[in-house]
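What follows is a single structure, written as structure tokens, with notes after it.
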Amino acid sequence: MELYSLTIHELQEKIKNGDVSAMQIAESVFSRIDAVEERVHSYIRLMKEEALAAAAKADENIKKGDIQPLTGIPVALKDIVCTKGITTTCGSHILHNFVPPYNATVVEKLSAAGAVFVGKANMDEFAMGSSTETSYFGPTSNPWDLERIPGGSSGGSATAVAADECIASIGSDTGGSIRQPAALCGVVGMKPTYGRVSRFGLIAFASSLDQIGPFTKDVEDCAIMMNVLAGYDPKESTSVKTEVPDYRRFIGGDIKGWKVGIPKEYFVEGIDPEIAAAVKKAIAVVEKCGGQIVDITLPHTQYCLAVYYIIAPAEASSNLARYDGVKYGLRTADARDLMEMYTKTRRQGFGAEVKRRIMIGTYALSAGYYDAYYGKASQVRALIRRDFDEAFQQCDVILTPTTPTPAFKIGEKTDDPLQMYLSDIFTISTNLAGIPGISVPCGFTAAGLPMGVQFLAGHFEEGKLLQIASAYEKNAAIEKRRPTL
Amino acid sequence: MEFETVIGLEVHAQMLTDTKIFCNCSTKFGGAPNSHACPVCLGLPGVLPVLNKKVVEYGMKMALATNCTINPSNSFARKNYFYPDLPKGYQISQFAYPLAEHGYILLEINGEQKKIGITRIHMEEDAGKLMHDENNPVSYVDLNRTGVPLIEIVSEPDMRSPEEAADYLKRLHEILVYLEICDGNMEEGSFRCDANVSIRPKGQEEFGIRAELKNMNSFRNVQRALEYEVKRQQYLVENGQKIVQETRLWDDAGGVTNSMRSKEEAHDYRYFPDPDLVPVMVDEIWIARIREELPELPLVKRERFVKDYQIPTYDAGVLTADKALALYYEDVVKLCGKPKQASNWVMGDVLRFLNEEKRDIRQCPISAKSLADMITLIEEGVISGKMAKDVIDDMYKTGKPPQDIIKEKGLVQITDEGELIKTISAIIEASPNQLKDYRGGKEKLFGFFVGQVMKATQGKANPQLVNDLLKKMLT
């Protein structure tokens with residue numbers, strides 16, 4: 001086995017036993033990157049020099065007996081989290097040269113936990129997209145079929161894990177941007193509860209929905225990452241002061257007697273039949289593990305997409321106003337006055353999807369339309385949240401498909417935004433309600449494309465998700481395949 | 001046609017907190033450009049605002065001092081517009097749920113109290129400043145002021161004349177400074193005012209079309225601008241023209257207001273709740289604690305001065321206009337026990353000295369103790385009131401206590417009866433004709449004798465004693 005193909009907990013064992021050094025792991029991962037990156041394009045920027053220095057440092061610490069939870073573990077960062085002194089582009093032309101003078105809180109935490117940063121992963125521009133095709137730096141390919149999209153917006157973070165170009169990675173999830181690519185790339189991806197992981201240093205798309213989370217090769221690694229990422233941050237007002245459990249202790253726990261809710265609204269026509277079958281199998285596995293299946297209803301599900309596509313663009317239109325060419329990032333070369341500088345900079349700096357959402361959001365907040373759009377959407381959002389509150393009176397966790405279809409072809413939906421938006425149909429409600437969700441691999445299509453099953457739980461119940469996900473992972477015994485690259 | 005003027009004011013007051021409203025940068029005025037500006041001030045990607053609780057407390061003080069109801073859950077909203085001095089492209093302000101609402105302050109108009117309603121008080125962040133190069137087509141952005149906390153105090157359209165508006169503004173200013181939450185400096189922009197003004201035929205209930213006036217940076221300018229604007233609107237109506245809703249800028253040099261933008265050109269700020277901040281929850285315990293911390297407010301102090309010290313309302317008004325002055329006055333009274341005399345000396349001589357040099361009572365060289373001593377010395381007859389005029393002059397110039405100055409100048413009053421009798425006898429002997437005339441009924445000559453005694457004693461004779469002795473010795 002190559003080192004790059006191992007999990008965090010496997011590598012940790014080897015490090016602890018003195019079998020491998022952090023440097024060997026880093027070199028293994030970079031050799032893999034050399035071999036496959038050209039075809040996959042997981043990264044916008046590689047940090048080889050910094051990574052090797054960090055690995056050397058990790059080895060010194062290991063020698064001293066100082067071994068932290070992620071010591072020597074190569075981790076990729078979605079290029080939406082700010083890295084001090086290292087260009088952070090958010091997949092956009094407008095920030096192509098932006099170098100933050102600070103680290104995101106998660107970067108500080110990962111760094112303190114000993115992680116070795118491999119690079120900045122590719123993403124849809126400003127996290128707006130479901131395929132990583134809107135990146136200014138070009139698309140990322142799905143390692144399972146290079147002609148297909150990896151999902152998005154955290155596509156690069158998902159492929160970096162799937163293609164063994166890192167051991168784990170960080171993504172952000174506003175409407176499914178971790179879980180959807182995790183499902184399409186056959187890895188584990190978690191969106192924690194809103195307020196669980198600090199957003200400080202995460203470049204904002206839709207502030208009331210954005211949440212940082214991990215991509216990992218298995219559920220145990222997800223727990224290890226969550227132990228590092230979770231926690232209150234005084235730098236973020238919406239961060240929540242709730243005790244963080246040791247997530248690892250949920251791994252291997254049984255789910256006997258757990259009530260697992262199946263929302264009828266998530267099993268309707270339009271789902272790919274192979275996914276429907278795979279999820280059905282997943283339900284059977286959960287039952288076999290002692291889970292008790294209960295039919296539940298989330299009656300406002302049909303409004304999720306509409307509500308999301310008002311609230312997210314509205315917040316985005318405001319969050320992206322700061323990219324005006326005045327202070328940093330792109331500034332147009334030829335402008336005669338202020339207004340021209342603004343319009344040309346933004347015209348040149350943003351891609352089509354970002355512009356579309358800025359316009360939708362601006363419209364939704366405009367005088368005379370606010371009540372009908374943003375106001376109404378906020379009210380319905382409260383109902384969606386209530387749906388989940390009521391559902392969790394009846395069940396411990398909810399099980400749904402992560403995506404309606406497996407990975408589609410690059411270019412297939414770029415001209416049809418509505419079709420593209422539908423890729424997130426099963427993941428968006430989670431963000432609107434602020435609850436946590438996890439996507440776990442649940443098999444492959446006949447064509448060899450990965451599929452994912454999603455578990456949802458109440459606020460701050462990440463432990464429950466890890467427990468059922470690990471029980472499922474163990475008992476489903478999904479065939480261990482690796483993409484052929 | 002007779003018109004009635006309708007005015008409402010929007011006041012922005014910078015809060016005197018040490019740090020900014022959403023980060024830890026200093027709020028100090030001045031400083032090299034962008035020296036008080038961190039990533040939060042700069043609106044860099046990914047940074048987040050964290051509310052400074054002190055700002056809430058300062059705002060609560062103003063809310064309580066102006067009889068407002070504090071919203072138990074108030075929240076921040078984003079006001080979106082593009083401008084280079086606004087690094088995020090939006091200002092964090094409050095919109096639907098302001099800190100406080102439904103208050104009022106009382107004005108004294110022709111001896112009668114009038115209530116001016118306060119619609120709302122909300123918190124927000126200040127913007128930066130642009131500096132334009134005079135020689136090159138270049139502008140510079142200084143973000144030191146970005147994020148300095150402001151409260152905006154919006155009045156009801158309750159004022160009926162520019163004088164009333166100016167009076168309201170002064171009272172508001174006085175309260176802010178009394179609360180020590182704003183330095184009130186209009187020139188540096190820590191106290192700013194916009195005005196909404198309209199006119200309507202007397203007796204009409206419906207409001208006229210209003211103009212919003214900006215760029216008035218002194219009390220005088222606010223009044224001048226309003227006076228001009230009222231005249232301008234009257235002229236338009238009287239000449240059959242229409243008033244349009246617009247924003248107008250006061251031009252101080254020209255003494256006129258000019259149109260800046262019409263209603264059609266007005267911004268659509270697209271306010272919406274700021275998702276980066278959580279609602280500010282204010283409970284009764286917090287309110288009670290802030291209420292405890294409130295100092296005595298100007299109006300209450302004024303009424304107390306009139307009642308306790310038996311001084312005229314006007315005097316009480318002057319003495320309480322500045323909290324430090326009121327404190328000084330009360331110290332003097334406490335030390336000498338003569339409120340009326342203390343008021344006369346403070347309002348007369350002390351304020352005259354200070355005004356001549358544009359100084360503040362905090363910089364007054366005469367301590368409250370010295371002034372009280374001087375008043376006591378007069379009361380005890382050690383010096384005369386006339387002598388005191390010279391003494392206080394020296395006290396101001398040198399900062400020395402009155403006792404020292406009296407000693408140095410040998411100014412002590414002659415109160416020794418024997419000595420004065422001797423002097424008076426000599427004068428009477430030397431003025432036989434005047435004595436005769438006086439005794440013959442020319443009572444006016446009494447003054448002549450007083451003058452002679454004062455001349456002989458170089459003014460040091462105790463005037464009361466001289467009077468008494470002369471009356472006895474001349475008859």
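As given, the protein sequences belong to chains V and D, one line each in that order.
Numbering-wise, the working numbering puts 233 at position 233 of the first sequence, and it's gapless, one number per residue.
Numbering-wise, the working numbering puts 411 at position 411 of the second sequence, and it's gapless, one number per residue.
Glycine residues also receive a C-beta, built at the ideal position from the N, C-alpha and C atoms.
Closest by CA to D:Q458, which one among D:D416, D:D394, D:T475 and D:M387? D:M387
Chain-ordered chain D contacts of V:E340 [CB-CB under 8 Å]: Per Cβ cutoff of 8 Å: no residues; V:E340 is ~13 Å from chain D at best.
For chain D, find out if any of its Cβ atoms is closer than 8 Å to the Cβ of V:I203; answer yes or no. yes
For D:K202 and D:E4, which I take to be in contact (beta-carbon distance under 8 Å), what is that distance rounded to the nearest angstrom? 5 Å
Which residues in chain V sit within 8 Å of D:P149, going by Cβ to Cβ distance? In chain order: nothing, as chain V lies at least about 16 Å away.
Chain-order list of residues whose beta-carbon lies under 6 Å from that of D:R145 (same chain, five-residue window excluded): D126, G128 and K129
Kindly list, in the order they appear in chain V, the residues whose Cβ is closer than 7 Å to that of D:N80. S318 and A321
Can you give me, in chain order, the residues of the segment 86-104 of chain V that have a beta carbon less than 9 Å from any beta carbon in chain D? T88, C90, L95, F98, P100, P101, Y102 and A104
Checking contacts by CB at 8 Å: is V:V511 closer than that to chain D? The first residue shown for chain V is 1 and the last is 485, placing residue 511 of chain V beyond what the model contains.
Mind pulling the chain D residues with CB within less than 9 Å of V:F200? G46, V47 and L48
Within the segment 87-118 of chain V, ranges of the alpha helix (DSSP H) (whole runs, at least 4 residues): Complete alpha helix (DSSP H) runs here, min 4: 105-112.
For chain D, is any of its Cβ atoms less than 8 Å away from the one on V:L365? yes
Please state the DSSP three-state secondary structure of D:M131. strand
Thinking just about the alpha-carbon of each residue, which of V:Y342, V:S318 and V:N319 is nearest to the one in V:V326? V:Y342
Between V:Y374 and chain D, is any beta-carbon pair separated by less than 8 Å? With its beta carbon less than 8 Å from one in chain D, V:Y374 belongs to the interface.
At what residues does the alpha helix (DSSP H) containing V:G155 begin and finish? Start and end: G155 to A162.
C-beta atoms of V:Y308 and V:I428 nearer than 8 Å: yes
My understanding is that V:I296 touches V:I435, with C-beta atoms under 8 Å, so please give their C-beta distance in whole angstroms. Rounded, the Cβ-Cβ distance is 14 Å, inconsistent with contact.
Measuring alpha carbon to alpha carbon, tell me which of V:L422, V:A352 and V:D337 ends up nearest D:M137. Just to set this straight, residue 137 of chain D is Pro in the shown sequence, not Met. Ranking V:L422, V:A352 and V:D337 by Cα distance to D:P137 puts V:D337 first.
Give me the residue from V:A476, V:E462 and V:A206 with the minimum Cα distance to V:C222. V:E462
Just list the residues that DSSP pairs V:S486 with in beta bridges. Since the first and last residues shown for chain V are 1 and 485, residue 486 of chain V lies out of range.
Candidates D:T19, D:M347, D:D322 and D:V306: closest to D:P149 by CA position: D:T19
What do you get for V:L383, buried or exposed, if any count of 16 or more other CB atoms within 10 angstroms of its CB means buried? exposed
Using the Cα positions of D:N258 and V:Y136, report the straight-line distance between them to the nearest angstrom. 47 Å
Using 8 Å as the threshold, is the segment 201-215 of chain V in touch with the segment 446-456 of chain V, meaning 3 or more CB pairs across them? no
Inter-residue Cα distance where the pair is V:E243 and V:G231: 8 Å
Given that V:A314 touches chain D, what residues does it touch there, using C-beta distances under 8 Å? F272
Close beta carbons around V:N227, own chain, < 8 Å, minus the five adjacent residues each side: P69, V244, D246, Y247 and R248
Apart from the five residues just before and just after V:F460, which ones in its own chain have a Cβ nearer than 6 Å to its Cβ? T193 and T242
For chain D, find out if any of its Cβ atoms is closer than 8 Å to the Cβ of V:S172; answer yes or no. no
Report the three-state DSSP secondary structure of V:D19 (helix, strand or coil). Three-state DSSP puts V:D19 in coil, outside helix and strand.
So, is the C-beta of V:C82 closer than 8 Å to a C-beta in chain D? yes
Residue range of the unbroken beta strand (DSSP E) whose run includes V:G486: An answer regarding residue 486 of chain V cannot be provided, because it is not within the stretch 1 to 485 covered by chain V.
Are the Cβ atoms of V:T430 and V:K191 separated by less than 8 Å? yes
Chain V partners of D:K88, CB-CB under 9 Å? S318, N319, A321 and R322
Using only the alpha-carbon positions, how far apart do V:A183 and V:S153 sit? Going by the C-alpha atoms only, they are around 13 Å apart.
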